[in-house]
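Structure, as structure tokens:
Number of protein chains: 2
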Amino acid sequence: MPRSPTTTDAFNAIAEQRRRDIIQQLAGKACSVNDLAESLGVPQPQISKHLRVLREVNLVTVRQEGKHRWYSLNAKQLKPVFDWVQTFERFWDHQLLNIKAVAEAKAAEQKKSSRQKEG
Amino acid sequence: MPRSPTTTDAFNAIAEQRRRDIIQQLAGKACSVNDLAESLGVPQPQISKHLRVLREVNLVTVRQEGKHRWYSLNAKQLKPVFDWVQTFERFWDHQLLNIKAVAEAKAAEQKKSSRQKEG
DNA sequence: TTTACATATCCCCATATGGGAATACAATAA
DNA sequence: TTATTGTATTCCCATATGGGGATATGTAAA
């Protein structure tokens, strides 16, 4: 069996750098195919092909207007990627652990002093 | 040019479901190849091959101990993925915006009251 | 040494990729 | 109608994939 197709899911679709570039462009505003081709410096047929992949995994939607097609980002489809990778955040974001630790220490301290008042 | 190799970066390496499974297993504790083969129900050679990909992008490290090889997760390599996908969080996590707004309002309030004390 | 266990590599193959180039299709304007 | 512009598709090809299966390599015990 070969590698799973790029159209399998968001994980596979965003593996390609160019598609991430496209997604990033679309995050700001809807773009036409030629807009993207120009701003990314990529031939139009390639953009169209990448957009097709993004469409198939629902990462973008299209709206036709005259002879233009406006592509918009449907970023919600990235949530599964975010959710998965977020579970590993603790492995690098030690500050987060510190914040938590500080907050807990503070809570413990308050609890202690309130006990002293009571006692 | 074909698709970029799985060993190009973390984005490509984690596109494969099995490798995400392996990463998840390793998040808890270091595992040997056979540990992974057994817990994931995958033939050992396949596991070895996936681990090789993960090694090449530095997502795992190995430590030899007798005839065992203990694979550990090097989750920091996932940070670029996290950072990239996090920039889109606002597109689905509207609550986060609220939390931020509340926090900012609170901060503004505190600033105000401290100014009153000073003045 | 031989045996057993643990892991990595090798070979085979169907498959799909992304880029390049050419062209088809679509929508409007002249 | 024809011309023009915008977009999608088609063809070609080098490449590498992941699984299956067999086997090589490595390490330690008998």
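Chains as they are written, first to last, in the numbering used here: chain S, 1 to 119; chain V, 1 to 119. We put the CB at the ideal spot given by N, CA and C, even for glycine.
I'd like to know if residue i contacts chain V, where contact means its C-beta is closer than 8 Å to some C-beta of that chain.
i	result
I22 (chain S)	no
Q25 (chain S)	no
S123 (chain S)	In this structure chain S extends from 1 to 119, so residue 123 (chain S) is not present and cannot be described.
A15 (chain S)	yes
S32 (chain S)	no
S114 (chain S)	Its pLDDT being 47, under 50, S114 (chain S) is placed unreliably in this model, and the value from its coordinates should be taken loosely. By this cut-off, S114 (chain S) is not an interface position.
G119 (chain S)	A caution first: G119 (chain S) carries a pLDDT of 32, below 50, which makes its placement in the model unreliable, though a value can still be read off. Not one chain V Cβ lies under 8 Å of G119 (chain S).
R19 (chain S)	no
Quick one: does residue i have its CB under 8 Å from some CB of chain S?
i	result
S39 (chain V)	no
W92 (chain V)	yes
F11 (chain V)	yes
Q110 (chain V)	Annotation note: pLDDT 49 at Q110 (chain V) (below 50); position unreliable, no value reported.
In terms of alpha-carbon separation, which member of the options lies closest to residue i?
i	options	result
T8 (chain V)	V:V53, V:G41, V:E65	V:V53
W84 (chain V)	V:V62, V:A10, V:P2, V:T6	V:A10
E89 (chain S)	V:Q86, V:T6, V:R55	V:Q86
K76 (chain V)	V:A27, V:A15, V:D93	V:A27
I120 (chain V)	S:F82, S:W92, S:F91, S:D93	As shown, chain V starts at 1 and ends at 119. That puts residue 120 (chain V) outside it, with no answer to give.
D93 (chain V)	S:P80, S:C31, S:W92, S:F91	S:P80
W70 (chain S)	S:A30, S:R19, S:I22	S:A30
R63 (chain V)	V:Q24, V:S32, V:E16	V:S32
I23 (chain V)	V:F91, V:R55, V:Q44	V:R55
L78 (chain V)	S:F91, S:S72, S:G66, S:E16	S:F91
Are the beta-carbon atoms of residue i and residue j separated by less than 8 Å?
i	j	result
V57 (chain V)	L51 (chain V)	no
P2 (chain V)	N12 (chain V)	no
S39 (chain S)	Q25 (chain S)	yes
R20 (chain S)	V42 (chain S)	no
Q44 (chain V)	N34 (chain V)	yes
When you measure from the CB of residue i to every non-hydrogen atom of the ligand SAM, does any distance come out below 7 Å?
i	result
W92 (chain S)	What this structure holds is no ligand at all, so the ligand SAM is not there to describe.
Anything in the region 67-93 of chain V with a Cβ closer than 8 Å to a Cβ of chain S? List those residues in chain order, please. L73, A75, K76, L78, K79, V81, F82, W84, V85, Q86, T87, F88, E89, F91, W92
Residues in the region 51-64 of chain V with C-beta within 8 Å of chain S's C-beta atoms, listed in sequence order? none
Report the start-end ranges of each alpha helix (DSSP H) in the region 10-83 of chain V that is 4 residues or longer and not cut off at the edges. 10-13, 17-28, 33-40, 44-56
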